[in-house]
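Counting along the sequence shown from 1, when you hit position 34 you're at 34 in this note's numbering, and nothing is skipped either side.
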Amino acid sequence: MTDQHISPLDQARILSEALPHMQEYDEETIVIKYGGHAMGAEDTAKAFARDIVLLEQTAINPVVVHGGGPQIATMLKRLGIQSEFAAGLRITDAATIEIVEMVLAGSVNKQIVGYINEAGGKAVGLSGKDGNMVKASKTTRTMVDPDSNIEKAVDLGFVGDPEKVDLTLLNQLIGYELIPVLAPLATSQDGQTLNINADTFAGAIAGALKAKRLLLLTDVPGVLDKSKKLIPDLSIKEARKLIADGTISGGMIPKVETCIYALEQGVQGVVIIDGKTQHAVLLELFTNQGTGTLIHK
Ligand SMILES: Nc1ncnc2c1ncn2[C@@H]1O[C@H](COP(=O)(O)OP(=O)(O)O)[C@@H](O)[C@H]1O
Ligand SMILES: CC(=O)N[C@@H](CCC(=O)OP(=O)(O)O)C(=O)O
Numbered sequence: 001m002t003d004q005h006i007s008p009l010d011q012a013r014i015l016s017e018a019l020p021h022m023q024e025y026d027e028e029t030i031v032i033k034y035g036g037h038a039m040g041a042e043d044t045a046k047a048f049a050r051d052i053v054l055l056e057q058t059a060i061n062p063v064v065v066h067g068g069g070p071q072i073a074t075m076l077k078r079l080g081i082q083s084e085f086a087a088g089l090r091i092t093d094a095a096t097i098e099i100v101e102m103v104l105a106g107s108v109n110k111q112i113v114g115y116i117n118e119a120g121g122k123a124v125g126l127s128g129k130d131g132n133m134v135k136a137s138k139t140t141r142t143m144v145d146p147d148s149n150i151e152k153a154v155d156l157g158f159v160g161d162p163e164k165v166d167l168t169l170l171n172q173l174i175g176y177e178l179i180p181v182l183a184p185l186a187t188s189q190d191g192q193t194l195n196i197n198a199d200t201f202a203g204a205i206a207g208a209l210k211a212k213r214l215l216l217l218t219d220v221p222g223v224l225d226k227s228k229k230l231i232p233d234l235s236i237k238e239a240r241k242l243i244a245d246g247t248i249s250g251g252m253i254p255k256v257e258t259c260i261y262a263l264e265q266g267v268q269g270v271v272i273i274d275g276k277t278q279h280a281v282l283l284e285l286f287t288n289q290g291t292g293t294l295i296h297k
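Set out below in structure tokens:
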């Protein structure tokens, strides 16, 4: 696993340089959202799992929240079920929620758990339904109808916004040095399963845990400007402006909104980074080289 081009002395120096960062995060909780697009290559996914185990080993409490949008899309296509998005959220009917749960809480969740455990960690795969962790209410959104130009309510079906996070189960797991790996599903007050955007879910978990950091791993280097150049840092005000003028669109909107929410809930540092870069998590936390977009107050 060691890089043949780095001398043993340099390896020791690199480890030593990580010490102040390890001390900064000692006993702190860090929420890492692993996006479906970032999960692509097996070697990167395994490197990600190793990074998570390394965090646990250095007395950090990692909590992983994963997505799986592309993986859901592949399964729906295979089954011949059409799927559409409104305001960046999947319109989820009764047939779709079954597949969403099967893919998220089943194959995707168990694969990440498997990789972390293979790397020597003790991951526990759950969804927000377990232990009544996340209660959600059905999402309501309005959109402007292009024909009439009138705002209309869109029925997104079984899609939810987190309302309440119960930390009992998560705190137990963290206390026993187990690594929670969470699929973004929740229960409504009347017991229905709801599909939650994984960024929104990660923000709710990070906010409730008062996490020290929230890392959102995606498939782009961070927030890009109109000429596709990386924006290294962004204030809440600037971020809102970029959403309003359309520079930030699609799946980047819930991501940036999650960052704003998490900051307002007291999470200290929130970044969007490229999860396709090997060891993106270690680079971000244990080196002085921030790689993606830092969003701040
Ligand atoms: N300003 C922007 N900067 C970077 N990405 C953007 C921007 N606006 C829209 N996007 C899109 O957002 C995508 C990331 O969101 P998404 O596909 O939901 O990722 P994930 O699966 O990681 O949650 C990028 O691949 C890109 O196509
Ligand atoms: C309501 C809604 O849109 N839910 C998402 C949940 C998965 C997700 O968010 O995955 P990524 O992070 O990989 O995009 C969906 O069905 O695709």
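We put the beta carbon where it would ideally sit given N, CA and C, even for glycine.
On the DSSP letters alone, give me the boundaries of the beta strand (DSSP E) that residue i sits inside.
| i | result |
| --- | --- |
| residue 182 | 179-183 |
| residue 241 | No beta strand (DSSP E) contains residue 241, which is instead part of the alpha helix (DSSP H) from 236-244. |
| residue 115 | Here residue 115 belongs to no beta strand (DSSP E); instead the alpha helix (DSSP H) covers 109-118. |
| residue 98 | Element bounds for residue 98: not the beta strand (DSSP E) but the alpha helix (DSSP H), 94-101. |
So, at 6 Å on beta carbons, what are the nonlocal neighbours of residue i in its own chain, with the 5 sequence-adjacent residues on each side left out?
| i | result |
| --- | --- |
| residue 58 | 22 |
| residue 36 | 67, 68, 69, 70, 71 |
| residue 55 | 62 |
| residue 84 | 91 |
| residue 266 | 210 |
| residue 178 | 122, 124 |
| residue 17 | none |
| residue 257 | none |
| residue 157 | 91, 92, 93 |
Tell me which residues share the same chain as residue i and place their Cβ nearer than 7 Å to its Cβ, disregarding the 5 neighbours each side in the sequence.
| i | result |
| --- | --- |
| residue 39 | 45 |
| residue 7 | none |
| residue 261 | 203, 207 |
| residue 226 | 247 |
Which residues mark the beginning and the end of the alpha helix (DSSP H) in which residue i is found?
| i | result |
| --- | --- |
| residue 16 | 8-17 |
| residue 49 | 42-57 |
| residue 258 | 252-264 |
| residue 77 | 69-78 |
| residue 203 | 198-209 |
Kindly examine ligand 2 and report whether one of its heavy atoms sits closer than 7 Å to the Cβ of residue i.
| i | result |
| --- | --- |
| residue 171 | no |
| residue 117 | no |
| residue 162 | no |
| residue 246 | no |
| residue 198 | yes |
| residue 69 | yes |
| residue 195 | yes |
| residue 100 | yes |
| residue 37 | yes |
| residue 90 | yes |
If we call anything under 8 Å between Cβ atoms a contact, is residue i one with residue j?
| i | j | result |
| --- | --- | --- |
| residue 137 | residue 104 | no |
| residue 166 | residue 131 | yes |
| residue 183 | residue 109 | yes |
| residue 215 | residue 160 | no |
| residue 60 | residue 28 | yes |
| residue 299 | residue 181 | Shown here, the chain extends from 1 to 297; a query on residue 299 therefore has no answer. |
With a CB to CB cut of under 8 Å and the five nearest residues on each side skipped, what residues in its chain are close to residue i?
| i | result |
| --- | --- |
| residue 299 | This structure does not reach residue 299, given that the chain is present from 1 up to 297, and the question cannot be answered. |
| residue 34 | 48, 64, 65, 66, 67, 112, 217, 275 |
| residue 153 | 140, 141, 142 |
| residue 297 | 235, 236, 263 |
| residue 145 | 151, 152 |
| residue 294 | 232, 233, 234, 269, 270, 271 |
| residue 284 | 215, 271, 273, 290, 291, 292 |
| residue 255 | 199, 216, 218, 272 |
| residue 164 | 134, 135 |
Please confirm whether any heavy atom of ligand 1 lies closer than 7 Å to the CB of residue i.
| i | result |
| --- | --- |
| residue 249 | yes |
| residue 258 | no |
| residue 87 | no |
Should residue i be flagged as near chain D, meaning a C-beta pair shorter than 8 Å?
| i | result |
| --- | --- |
| residue 25 | The chain inventory of the structure shown lacks chain D, comprising one protein chain alone. |
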